[in-house]
Each structure stands twice: as structure tokens, then as C-alpha cells.
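Residue numbers (UniProt numbering): 1 to 427.
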């Protein structure tokens with residue numbers, strides 16, 4: 001096992017490795033986390049519930065530290081922080097609006113803290129569920145074997161921790177901007193984002209935001225982008241399983257992207273590192289991965305680097321980790337929060353001023369997850385046309401090029417009918 005594997009394995013048992021963006025917490029995020037952590041269900045293959053439970057327990061730990069400081073000497077604490085701490089404490093209630101039983105939650109964690117993915121490992125024919133067993137299970141699928149070769153050649157020691165970012169909501173990302181008030185703590189993985197946001201302020205970015213429609217697979221489209229450009233692409237991810245049906249050789253957008261890249265290793269590094277041996281994409285946030293390699297053919301000689309937005313839509317045809325929206329209005333509000341988060345992450349992690357950045361999006365959630373294509377297009381339209389992160393106008397102008405990529409021409413046509421309102425921006 002590599003040194004990186006050992007490091008990630010050690011993190012599994014250390015809750016202290018979890019970064020809590022306390023100043024960015026909202027009632028929506030708290031409700032999401034509490035709902036998952038307090039729902040008693042059989043642990044999933046990838047222990048998503050444990051990852052969320054750890055985050056909830058660390059929120060309470062951080063809050064108690066702040067409350068202790070306030071109690072000792074409130075004059076040393078900013079009034080807005082005092083109010084925010086009070087708000088967070090009020091939000092930490094169960095579905096019956098009763099205070100959470102932290103003793104029971106700690107007991108629940110203790111029971112599952114050392115459990116691993118034995119059931120999943122056995123399902124795939126492995127006798128051991130040691131970290132990264134997913135890279136060793138026997139398989140006859142060419143796509144899985146192909147990606148393993150890419151990983152072995154370029155990412156045998158995994159991704160650097162600074163190449164793996166986790167955002168819980170759009171507010172956490174907006175707080176990285178120099179325009180935000182005060183010095184708000186941030187995760188060390190965002191050192192590069194902070195530096196770039198200071199040098200190239202979002203308020204001064206005024207790119208064309210040109211929208212183009214591409215009917216092709218994402219794994220092929222990246223090779224149509226000029227070689228010296230930055231690519232940021234959206235992975236239509238599964239929120240509770242790294243790579244979704246990757247090991248079963250499913251053929252959805254996420255899986256095909258992974259078969260043709262080294263990105264599966266990044267998702268496993270998230271699972272065994274930052275997510276403490278489980279896997280859960282935040283409901284209103286995302287994971288962000290720097291510098292995956294996407295390969296043009298079976299040969300590993302020709303590839304393009306890209307950054308990857310790992311975000312998930314609601315599964316309208318079933319139940320995933322988070323509760324589905326109650327109605328159409330709730331669906332729109334929650335998806336808008338999701339979309340604003342991954343667009344903000346792309347803005348924050350842009351190299352330079354966005355003039356040479358290609359943002360590759362697409363009809364996320366409109367396949368097996370059953371979301372309406374037109375409704376998804378409407379959410380994209382609203383998210384891209386709202387101001388954000390200190391922008392002076394629509395956030396789409398933080399980028400020069402925005403490509404909507406889909407293998408289904410009719411989905412692109414649906415998007416066109418929506419974005420035609422911005423005739424000057426659509427090509």
C-alpha cells in the first residue's frame with residue numbers, strides 16, 4: 001500500500017480531519033445533515049450516513065467551543081458570530097423540533113465507527129474490505145480495467161489532498177471572495193482559490209459567457225477545447241457511491257467519464273480521506289477535483305487535463321441519500337442551491353480571469369434519475385444569470401465559454417429554447 005493510502009487510512013479514524021465551515025452553515029444545510037444522520041436505516045455499501053453523522057458531530061463540537069468562548073468573555077467575540085452561534089444551536093433539532101440527543105448520536109457513531117465495506121467487498125468477490133479494495137476486485141469489464149491502467153500509470157499514489165475540495169453550500173464558496181467581511185477560516189485546499197480570487201476579482205471579470213451546444217460524450221468533447229485552455233467539467237455524480245455503477249460497468253455519464261480517465265482514484269481518495277471511509281456528496285454542495293486526466297484512446301499517450309465538479313441531482317424515480325423535494329417549488333429552490341454551488345466552485349477555482357476557461361455543463365439528472373429536461377434547463381438559466389460572488393451582473397460572464405454537452409441532441413434543443421432569450425450569448 002502506498003504512503004498516500006496509509007495517510008488516508010489514518011484519517012478514517014480521526015474526526016478532527018473534518019473541516020467545518022461554521023460561518024457558512026445555513027438552516028438548509030443543517031436540516032439536510034440532521035435528516036440523514038438521525039434517520040435509522042441499514043448502513044449503505046459506502047457508509048454515507050456515517051460521513052454525514054461525523055460532520056454533524058463536528059458541527060456540535062465546534063459550536064460548543066464557540067459557546068464556551070462566548071460564555072467566558074463575550075466581548076472578545078463579534079456580535080454577528082454570537083448571533084450565528086445562537087442560530088445554529090436553534091437549527092440543531094430533529095424532525096419533531098426537539099433538541100438532538102447528542103449522547104445517543106455519539107453512541108450511534110461508536111457502533112459504526114470501525115465498520116468497513118465488508119458487504120460491498122463480498123458482493124464484488126473480494127475477501128478483504130481494506131481501503132481501496134475497489135481497485136483490486138476481479139472484473140472482466142474492459143472499461144474498469146482500462147481506467148485502472150490509467151490510474152496505475154499516473155495516479156498510483158493518489159491525488160494530493162490540495163487537489164480534493166469539499167464544499168457544503170454556495171455560501172462557503174462566496175466567503176472565499178475578498179469582498180466577504182472579515183477573515184473567515186477556510187480549508188487549506190482553497191489556498192489557490194483564495195490567491196486567484198484576490199488577484200482576479202469576480203467583480204472585474206467581464207467575459208462573453210458564450211453558450212455553445214455540443215452533441216457528443218463529455219469524454220470526447222474535452223479534446224475539442226484548445227490545448228492551452230482550462231477545462232472545468234460537470235460530473236453527473238451519484239451522491240452516495242463513488243462512481244455510481246462504475247464497478248458494475250454502468251454506462252451513464254459519470255461512469256463513462258471514469259472509464260476514460262484517472263478520476264475514479266480521486267473519488268476513492270475522497271472516500272478514504274476527507275470523508276473518513278464513507279462517501280457522501282453534500283446535498284447543497286459538491287466535491288471539486290483538480291487535474292484529472294481524460295484519455296483519447298486505449299493509449300495513455302494522448303490526454304487532456306480537466307477540473308471536475310462532482311455534483312448530484314435528486315433521483316425522482318427512487319430514493320437516494322437525501323429526501324426528495326416535497327413539490328415543484330421545493331424542487332426548484334433546492335436544485336437552484338445545488339447549481340449555484342457548483343457554478344460558484346468553478347468561478348472560485350478558475351485559473352486567471354476566466355478568459356481562457358471552458359465550463360462544460362449538461363443535462364444532469366435527466367437520465368435514470370428522471371428529472372425533467374426543460375426544468376433542469378430553466379434552473380441552469382436562472383443560476384447562470386444571477387449575480388454571485390460580487391459579480392456586477394450575471395455570473396456567466398465570469399467565463400468566456402460555457403458548453404452544454406449531451407449525447408442526446410433533443411436535450412440540447414430543449415436547452416436552446418430556454419437560452420434563446422439571451423440571443424447575443426448563444427451560438
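Think of the CB as a built atom: it goes at the ideal place given N, C-alpha and C, for glycine as much as any other residue.
These numbers come from a predicted model, not from an experiment.
Under 7 Å between C-beta atoms of residue 257 and residue 219 = The residue labelled residue 257 in the question sits at position 257 within the chain shown. The residue labelled residue 219 in the question sits at position 219 within the chain shown. Closer than 7 Å, so yes.
Considering only residues of the same chain and omitting the five flanking positions on each side of residue 439, which have a CB-CB separation below 7 Å?
-> Outside the displayed range of the chain (1 to 427) lies residue 439, so it cannot be described from this structure.
Do residue 166 and residue 50 have their C-beta atoms within less than 7 Å of each other?
-> Taking the chain shown and counting its residues from 1, one reaches residue 166 at position 166. Taking the chain shown and counting its residues from 1, one reaches residue 50 at position 50. Taking 7 Å as the Cβ cut-off, residue 166 and residue 50 do not qualify as a contacting pair.
Whole alpha helix (DSSP H) runs in the segment 87-145 with 4 or more residues, listed along the chain?
-> 102-112 and 118-123
Please determine if the segment 363-370 and the segment 301-310 are in contact, where contact requires at least 3 C-beta pairs separated by less than 8 Å.
-> no
DSSP on residue 284, reduced to helix/strand/coil?
-> Here residue 284 corresponds to residue number 284 of the chain shown, with the count starting at 1. Reduced to three states, the DSSP call for residue 284 is coil.
Taking DSSP as the reference, what is the three-state secondary structure of residue 317?
-> As a working mapping, residue 317 is identified with position 317 in the chain shown. In this structure, residue 317 counts as coil in the three-state DSSP scheme.
Beta-carbon gap between residue 310 and residue 286 smaller than 7 Å = Walking along the chain shown from the start, residue 310 turns up at place 310. Walking along the chain shown from the start, residue 286 turns up at place 286. Cβ distance < 7 Å, so residue 310 and residue 286 count as in contact.
Which same chain residues, not among the five before or five after residue 4, have their C-beta less than 7 Å away from its C-beta?
-> By 1-based counting over the chain shown, the position of residue 4 is 4. The pLDDT assigned to residue 4 is 46, lower than 50, so where the model puts this residue is not dependable, and the model offers no usable value.
Any idea what DSSP makes of residue 410, helix, strand or coil?
-> Here residue 410 corresponds to residue number 410 of the chain shown, with the count starting at 1. Here residue 410 sits in helix by DSSP.
How long is the line joining the alpha carbons of residue 246 and residue 260, rounded to whole angstroms?
-> Your numbering for residue 246 matches position 246 in the chain shown. Your numbering for residue 260 matches position 260 in the chain shown. Distance between the alpha carbons of residue 246 and residue 260: 11 Å.
Going along the chain, which unbroken runs of the alpha helix (DSSP H) with 4 or more residues stay wholly within the segment 186-240?
-> 191-199 and 218-221
Consult DSSP for residue 299 and reduce its assignment to one of helix, strand or coil.
-> Within the chain shown, numbered from 1, the residue matching residue 299 stands at position 299. Coil at residue 299, not helix or strand.
Are residue 402 and residue 359 closer than 7 Å when you measure CB to CB?
-> Working through the chain shown from its first residue, we reach residue 402 at position 402. Working through the chain shown from its first residue, we reach residue 359 at position 359. Closer than 7 Å, so yes.
Measure the C-alpha to C-alpha separation of residue 208 and residue 399 and round it to an integer number of angstroms.
-> For the purposes of this step, residue 208 is identified with residue 208 of the chain shown, where counting begins at 1. For the purposes of this step, residue 399 is identified with residue 399 of the chain shown, where counting begins at 1. Straight-line Cα distance between these residues: approximately 7 Å.
Do residue 132 and residue 268 have their C-beta atoms within less than 7 Å of each other?
-> Here the question's residue 132 lines up with position 132 in the chain shown. Here the question's residue 268 lines up with position 268 in the chain shown. Taking 7 Å as the Cβ cut-off, residue 132 and residue 268 qualify as a contacting pair.
Take residue 361 and list the residues in its own chain whose beta-carbon comes closer than 6 Å to its own, dropping the five residues that flank it on each side.
-> Start at 1 with the first residue of the chain shown, and residue 361 comes out as number 361. Counting only Cβ-Cβ distances below 6 Å, and skipping sequence neighbours, we find 234 and 404.
Spatial neighbours of residue 241 within its chain, please: CB distance less than 7 Å, with the 5 preceding and 5 following residues excluded, ordered by chain position.
-> Within the chain shown, numbered from 1, the residue matching residue 241 stands at position 241. If we look at residue 241 and ignore the five residues flanking it on each side, its Cβ neighbours are 45, 46 and 279.
For residue 399, name the three-state secondary structure that DSSP assigns.
-> Residue mapping note: residue 399 aligns to position 399 of the chain shown, counting from 1. Residue 399: coil per DSSP, three-state reduction.
Got a sec, what are the start and stop residues for the alpha helix (DSSP H) residue 259 sits in?
-> If you number the chain shown from 1, residue 259 lands on position 259. Note, residue 259: alpha helix (DSSP H), 253-259.
Local Cβ density within 10 Å of residue 319, reported as buried at 16 or more and exposed below that = The residue labelled residue 319 in the question sits at position 319 within the chain shown. Counting Cβ neighbours within 10 Å, residue 319 comes out exposed, since fewer than 16 surround it.
C-alpha distance - residue 90 paired with residue 393, whole-angstrom precision = Start at 1 with the first residue of the chain shown, and residue 90 comes out as number 90. Start at 1 with the first residue of the chain shown, and residue 393 comes out as number 393. Going from the Cα of residue 90 to the Cα of residue 393 covers about 35 Å.
So, is residue 420 buried or exposed, given that buried needs 16 or more other C-beta atoms within 10 angstroms?
-> To locate residue 420, count along the chain shown from 1; it is residue 420. Residue 420 should be labelled exposed.
Counting only the same chain and skipping the five closest in sequence on each side, list residues whose C-beta sits under 7 Å from that of residue 379.
-> In the chain shown, the residue the question calls residue 379 occupies position 379. Closer than 7 Å at the Cβ level, and outside the excluded window around residue 379, lie 332, 335, 336 and 339.
Spatial neighbours of residue 12 in its chain, beta-carbon cut-off 7 Å, leaving aside the 5 residues before and after | Stepping through the chain shown from its first residue, residue 12 is reached at position 12. With a pLDDT of 43 at residue 12, under the threshold of 50, the predicted position of this residue should be treated as unreliable, though the coordinate-derived value follows. Closer than 7 Å at the Cβ level, and outside the excluded window around residue 12, lie 272, 276 and 277.
On the three-state DSSP scale, how would you describe residue 54?
-> The residue you call residue 54 lines up with position 54 of the chain shown. In this structure, residue 54 counts as helix in the three-state DSSP scheme.
Residue 95 versus 151, 38, 103 and 121, residue with shortest Cα-Cα distance | By one-based count along the chain shown, residue 95 stands at place 95. The residue with the shortest Cα to Cα distance from residue 95 is 38.
Find out if the Cβ-Cβ distance for the pair residue 317, residue 354 is shorter than 7 Å.
-> To locate residue 317, count along the chain shown from 1; it is residue 317. To locate residue 354, count along the chain shown from 1; it is residue 354. No.
Alpha carbon to alpha carbon, how far is residue 162 from residue 190?
-> As a working mapping, residue 162 is identified with position 162 in the chain shown. As a working mapping, residue 190 is identified with position 190 in the chain shown. Their Cα atoms are separated by approximately 7 Å.
If you check the beta carbons only, do residue 52 and residue 36 fall under 7 Å apart?
-> Numbered from its first residue, the chain shown carries residue 52 at position 52. Numbered from its first residue, the chain shown carries residue 36 at position 36. Yes; because the gap between Cβ atoms is below 7 Å, this pair is in contact.
Identified DSSP bridge partners for residue 357 = Counting from one through the chain shown, the residue named residue 357 turns up at place 357. In the DSSP output, where bridge partners are listed per residue, residue 357 has 230.
For residue 217, the nearest candidate out of 103, 58, 296 and 30 (CA to CA) = By one-based count along the chain shown, residue 217 stands at place 217. Among 103, 58, 296 and 30, the Cα nearest to that of residue 217 belongs to 296.
Identify whether residue 415 lies in helix, strand or coil by the three-state DSSP scheme.
-> On the chain shown, position 415 is the one that residue 415 refers to. Residue state, collapsed to three classes: helix.
Specify, as a first and last residue, the run of the beta strand (DSSP E) that residue 167 falls within.
-> Here residue 167 refers to the residue found at position 167 when the chain shown is read from its first residue. Its beta strand (DSSP E) spans residues 164-167.
Residue 368 by DSSP, collapsed to three states: which one?
-> Your numbering for residue 368 matches position 368 in the chain shown. Reduced to three states, the DSSP call for residue 368 is coil.
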